[in-house]
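Novice: Take this structure, written in structure tokens, and hold onto it; I'll ask about it next.
Protein chains: 2
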Amino acid sequence: MVDELAVLRDQIDDVDQQLVELFARRLKLVAAVGEVKNRQGVSIYAPEREAAMLVKRRAEAEALGVPADLIEDVLRRVMRESYASEKDVGFKCMNPTLGKVVVVGGAGKLGGLFVHLLKLSGYHVSVLEKNQWAEAEPILSEAGLVIVAVPIEQTVAVIQQLPELPANCLLVDLTSIKEEPLQAMLAAHKGPVLGLHPMFGPDVSSLAKQVIIYSEGRDKDAFDWLLAQMHIWGARLQAVSAEEHDQAMSLVQALRHFTSFAYGAHLCAEQADLTQLLNLSSPIYRLELAMVGRLFAQDPNLYADIILSAPTNLHMIRRYHSRFGELLTQLEQGNRDAFVQQFSAVSEFFGDYADIFLKESRNLLAQANDSRHLPNSP
Amino acid sequence: MVDELAVLRDQIDDVDQQLVELFARRLKLVAAVGEVKNRQGVSIYAPEREAAMLVKRRAEAEALGVPADLIEDVLRRVMRESYASEKDVGFKCMNPTLGKVVVVGGAGKLGGLFVHLLKLSGYHVSVLEKNQWAEAEPILSEAGLVIVAVPIEQTVAVIQQLPELPANCLLVDLTSIKEEPLQAMLAAHKGPVLGLHPMFGPDVSSLAKQVIIYSEGRDKDAFDWLLAQMHIWGARLQAVSAEEHDQAMSLVQALRHFTSFAYGAHLCAEQADLTQLLNLSSPIYRLELAMVGRLFAQDPNLYADIILSAPTNLHMIRRYHSRFGELLTQLEQGNRDAFVQQFSAVSEFFGDYADIFLKESRNLLAQANDSRHLPNSP
Chain F
11 MVDELAVLRD QIDDVDQQLV ELFARRLKLV AAVGEVKNRQ GVSIYAPERE AAMLVKRRAE
71 AEALGVPADL IEDVLRRVMR ESYASEKDVG FKCMNPTLGK VVVVGGAGKL GGLFVHLLKL
131 SGYHVSVLEK NQWAEAEPIL SEAGLVIVAV PIEQTVAVIQ QLPELPANCL LVDLTSIKEE
191 PLQAMLAAHK GPVLGLHPMF GPDVSSLAKQ VIIYSEGRDK DAFDWLLAQM HIWGARLQAV
251 SAEEHDQAMS LVQALRHFTS FAYGAHLCAE QADLTQLLNL SSPIYRLELA MVGRLFAQDP
311 NLYADIILSA PTNLHMIRRY HSRFGELLTQ LEQGNRDAFV QQFSAVSEFF GDYADIFLKE
371 SRNLLAQAND SRHLPNSP
Chain S
11 MVDELAVLRD QIDDVDQQLV ELFARRLKLV AAVGEVKNRQ GVSIYAPERE AAMLVKRRAE
71 AEALGVPADL IEDVLRRVMR ESYASEKDVG FKCMNPTLGK VVVVGGAGKL GGLFVHLLKL
131 SGYHVSVLEK NQWAEAEPIL SEAGLVIVAV PIEQTVAVIQ QLPELPANCL LVDLTSIKEE
191 PLQAMLAAHK GPVLGLHPMF GPDVSSLAKQ VIIYSEGRDK DAFDWLLAQM HIWGARLQAV
251 SAEEHDQAMS LVQALRHFTS FAYGAHLCAE QADLTQLLNL SSPIYRLELA MVGRLFAQDP
311 NLYADIILSA PTNLHMIRRY HSRFGELLTQ LEQGNRDAFV QQFSAVSEFF GDYADIFLKE
371 SRNLLAQAND SRHLPNSP
């Protein structure tokens, strides 16, 4: 009987080997697509082409009795690799007469990513680091674009220290707050100004589908080419005022980071047994624990900077803490009905998003479960 | 130039069609494997076979210039489908002389999943619902296994109402707390007793890799067959005492659920613009928002039950709230150094897990980004 299984498994191995060969062929074709896109100046991320292709493949799959979600998930995963390899081919340069680009803090991770992408797009890029500040003037002279990519705390000071830039030079920052740096840039430079906030870590394999928020500073005509360039890199550009940006970020960043920090500190104070918690956990709790734990593999100063970047952040966190306390007191007083009522009110607030999130997270939790390794391994 | 792109895309479409055909062939082979496993009584989840196969495929992929992670991710996704289809073939029955199985609350979702799996394994399964309580005695007479699958709040009462069961009948519950139901079962029945807590929702496509926690009540020899049966279904069985289970669950369930509830209530009170938050969000925040939002597509009573299932849960949540407040006060007083110090202490507490979680979540966040749809769609 074991032999019967072995014969079938050999056949499955054959199929899987053909799968590997198909992927190799597909990646070669995609590299060729990348070269054409590079010449044409087309974005590596083509959402309409992607959506149309998936509709066709889903239908073909169903006709052959293959679950449509399986083929969609696989193709989405393959496309991630395609974007990454298209990226390496290089990108069309949207502003060939720009002149020099200088990335202040370009040796850092995020600055380095922009240096890399700008070079792949044919620009001449220089890096200016702290220890080169004496040479700042010659390095910055004749710059067509200056990007400030230093830690939040230092951003305003670095902007204020900049020597006078050429009048038509575009000044840009990458900080995760927008009001203060934008004000500082507008005060320090009379030419075009743009605030950017890339919503991803420097370790992404490509910019396909990644969000870059931008807040206009001055002279949109003079920075449209940079938006077009980032669009070619695959990014989704979202315009928002600096004020709205900072308000949203006190929820999206400050509150979430602080909450994760407090949850980690709580687990530590409770002397929780992490190995046992993982052994006993559902995919959803494992995921939540991972989202908290990942914080502590990173630099505390980055999180301190983000949380302390605006006093309104601490006010937001304090309001959350108060509400949390009130809701808890209710339950401690045995008022279960109030809990159920408030829960329903929040459900109404989430509206269609609650179901969308349930569906989306179900798929992600299934993917998290796919990756579970041997029993009892961490 | 556009034609050049069209030619390449046609070739990619050809490759993708072959991909669909390969998947169709693989699923047929897997169905045949399922039949053999069914006859042999082998678990649908074979971690060693899976690990060995992935090592081989990764090496073959690299030899052809295909990223090893790509083939591993794709095969893991394909295997999920395989488990689901192996499941439908049925399972070997590990206790053919058991006699009747009765699932109290078997019309509910989780109870229904066990009814389905037990039937697929060749057992005779009856369901006992509230409205049939008058016939409880005849339905339960001659039962070899009784599973109580009713909401937490009702579990103890239902157990106490059970008529006398046959002496050698195995009594089991599926509740997400273990101390109280186990005590109630031991008091109500003199035969073998087992507490189970399945750590997954009723909508999983198969039990492969899913965790089922068990707490021994009485007479391990008389329930070993059920553990073996669930192992065949693909589950990972974790033994833990009822007391340790309930302690862990106040962290894994009560605190996390309450925190998500409070965060949802906070977003609602702040009148947050969800569409804008999603447009401006990183994959990580979108994921966190989804994990919170999914709660509100579900039944408030389920969450009230879990949180209120033990007074120690509320004590745990209160301790978290106090610590959160202390950590926040520190920051409000401008004590950044204390934040950085405590952060580092928690990093040490997480140890190797911090890096493991960072790596694991990076992969999941990339998968979350793969699934992003057209710009501005929810």
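One line per chain: the protein sequences are F and S, in this order. Just so we're aligned, residue 11 is where the first sequence starts under our numbering, counting upward by one. Just so we're aligned, residue 11 is where the second sequence starts under our numbering, counting upward by one. Glycine included, every Cβ here is placed at the ideal spot set by N, Cα and C.
If we ignore side chains and look at the alpha-carbon of each, how far apart do residue 13 of chain F and residue 62 of chain F end up?
Specialist: 44 Å
Novice: Please say whether residue 84 of chain S and residue 35 of chain F have beta carbons closer to each other than 8 Å?
Specialist: no
Novice: Let me make sure I understand the geometry here. Which of F:80, F:137, F:350 and F:228 has the alpha-carbon closest to that of residue 30 of chain S?
Specialist: F:80
Novice: Are any of the Cβ atoms in chain F nearer than 8 Å to that of residue 388 of chain S?
Specialist: Reliability of the predicted coordinates at residue 388 of chain S is poor, the pLDDT of 35 falling under 50, and no value is obtained from them.
Novice: Taking Cβ-Cβ distances shorter than 7 Å, what residues in chain S pair up with residue 303 of chain F?
Specialist: 360, 363, 364 and 367
Novice: Using the three-state DSSP reduction, which class does residue 208 of chain S fall into: helix, strand or coil?
Specialist: Strand at residue 208 of chain S.
Novice: Can you name, in chain order, every residue of its own chain whose Cβ lies under 7 Å from the Cβ of residue 188 of chain S, other than the five neighbours on each side?
Specialist: Within the same chain, residue 188 of chain S has close Cβ partners 205, 207, 225, 252, 255 and 256.
Novice: Give me the residue from F:259, F:293, F:75 and F:216 with the minimum Cα distance to residue 380 of chain F.
Specialist: Checked all of F:259, F:293, F:75 and F:216; the closest Cα to residue 380 of chain F is F:293.
Novice: Are the segment 261 to 276 of chain S and the segment 354 to 372 of chain F touching, with three or more C-beta to C-beta distances below 8 Å?
Specialist: yes
Novice: Would you mind stating whether residue 53 of chain F and residue 241 of chain F have Cβ atoms separated by less than 8 Å?
Specialist: yes
Novice: Could you list which residues in chain F have their beta carbon closer than 7 Å to that of residue 278 of chain S, in chain order?
Specialist: Residue 278 of chain S reaches chain F at 355, 356 and 359, counting residues in chain order whose Cβ is nearer than 7 Å.
Novice: Compute the distance between the beta-carbons of residue 159 of chain F and residue 115 of chain F, then report whether it is under 8 Å.
Specialist: A distance below 8 Å separates the beta carbons of residue 159 of chain F and residue 115 of chain F.
Novice: Go through its chain and collect everything with a Cβ distance to residue 382 of chain S's Cβ below 6 Å, but skip five positions before and after it.
Specialist: none
Novice: Is any beta-carbon of chain S found at less than 8 Å from that of residue 162 of chain F?
Specialist: Chain S places no beta carbon closer than 8 Å to that of residue 162 of chain F, leaving this residue out of the contacts.
Novice: Determine whether the Cβ of residue 21 of chain S lies closer than 8 Å to any Cβ atom of chain F.
Specialist: yes
Novice: Using the rule of at least 16 other Cβ atoms within 10 Å of the residue's Cβ for burial, across every protein chain shown, is residue 289 of chain F buried or exposed?
Specialist: buried
Novice: For a test of the three-state rule: what should DSSP assign to residue 160 of chain S, helix, strand or coil?
Specialist: coil
Novice: Can you tell which of S:153, S:91, S:27 and S:164 has the C-alpha that lies nearest to the C-alpha of residue 316 of chain S?
Specialist: S:164
Novice: Given that a residue counts as buried once 16 or more other Cβ atoms are within 10 Å of its Cβ, and exposed if not, what is residue 218 of chain S?
Specialist: A residue is called buried when at least 16 other Cβ atoms come within 10 angstroms of its Cβ; residue 218 of chain S meets this threshold and is buried.
Novice: Let me confirm a value: residue 388 of chain F is counted as buried when at least 16 other C-beta atoms fall within 10 Å, else exposed. Which label applies?
Specialist: The predicted position of residue 388 of chain F is uncertain, since its pLDDT is 34 and thus under 50; a value taken from the coordinates is nonetheless stated next. Exposed is the call here.
Novice: Taking only beta-carbon atoms, is residue 96 of chain S less than 8 Å away from chain F?
Specialist: Cβ-Cβ to chain F under 8 Å: no for residue 96 of chain S.
Novice: Can you tell me which of F:200, F:161, F:45 and F:198 puts its alpha carbon nearest to the alpha carbon of residue 309 of chain F?
Specialist: F:161
Novice: Could you check whether the segment 18 to 30 of chain F touches the segment 59 to 74 of chain S, counting it as contact only if at least three pairs of C-beta atoms, one from each stretch, sit closer than 8 Å?
Specialist: yes
Novice: Would a check of beta-carbon distances place residue 385 of chain F closer than 8 Å to chain S?
Specialist: Note on residue 385 of chain F: pLDDT 40, under 50, position unreliable in the model; the coordinate value appears next. True, the Cβ-Cβ gap to chain S drops below 8 Å.
Novice: Counting only C-beta atoms, is residue 275 of chain F closer than 8 Å to chain S at any point?
Specialist: yes
Novice: Tell me which residues share the same chain as residue 96 of chain S and place their Cβ nearer than 6 Å to its Cβ, disregarding the 5 neighbours each side in the sequence.
Specialist: Excluding positions up to five away in sequence, the list reads 44 and 54.
Novice: Inspect the beta-carbon positions of residue 173 of chain S and residue 147 of chain S and report whether they are closer than 8 Å.
Specialist: yes
Novice: Step through the CB atoms of chain F and report whether any lies within less than 8 Å of the CB of residue 225 of chain S.
Specialist: no
Novice: Please check if any C-beta of chain S sits within less than 8 Å of the C-beta of residue 210 of chain F.
Specialist: Any Cβ of chain S closer than 8 Å to the Cβ of residue 210 of chain F would place that residue at the interface, and such an atom is present.
Novice: Grab the span of the alpha helix (DSSP H) containing residue 244 of chain S for me, first residue to last.
Specialist: Counting along the chain, residue 244 of chain S falls outside any alpha helix (DSSP H), and DSSP gives it neither H nor E.
Novice: Can you grab the Cα-Cα spacing for the pair residue 278 of chain S / residue 142 of chain S, in whole Å?
Specialist: In a straight line, the C-alpha of residue 278 of chain S is about 42 Å away from that of residue 142 of chain S.
Novice: What does a CB cutoff of less than 7 Å around residue 247 of chain F pick up in its chain, not counting 5 residues either side in sequence?
Specialist: Close CB contacts of residue 247 of chain F within its chain, under the 7 Å cut and outside five residues either way in sequence, are with 222, 224, 237, 240 and 241 (chain order).
Novice: What residues are listed by DSSP as bridge partners for residue 38 of chain S?
Specialist: None; residue 38 of chain S has no bridge partner.
Novice: Can you list, in chain order, the residues of its chain whose CB lies under 7 Å from that of residue 389 of chain F, leaving out five sequence neighbours each side?
Specialist: The structure shown has nothing for residue 389 of chain F, since chain F only spans 11 to 388.
Novice: Since residue 372 of chain S and residue 213 of chain F are thought to touch, with beta carbons under 8 Å apart, how far apart are those beta carbons, to the nearest angstrom?
Specialist: 7 Å
Novice: Among S:228, S:190, S:153 and S:198, which one has its Cα closest to the Cα of residue 171 of chain S?
Specialist: Checked all of S:228, S:190, S:153 and S:198; the closest Cα to residue 171 of chain S is S:198.
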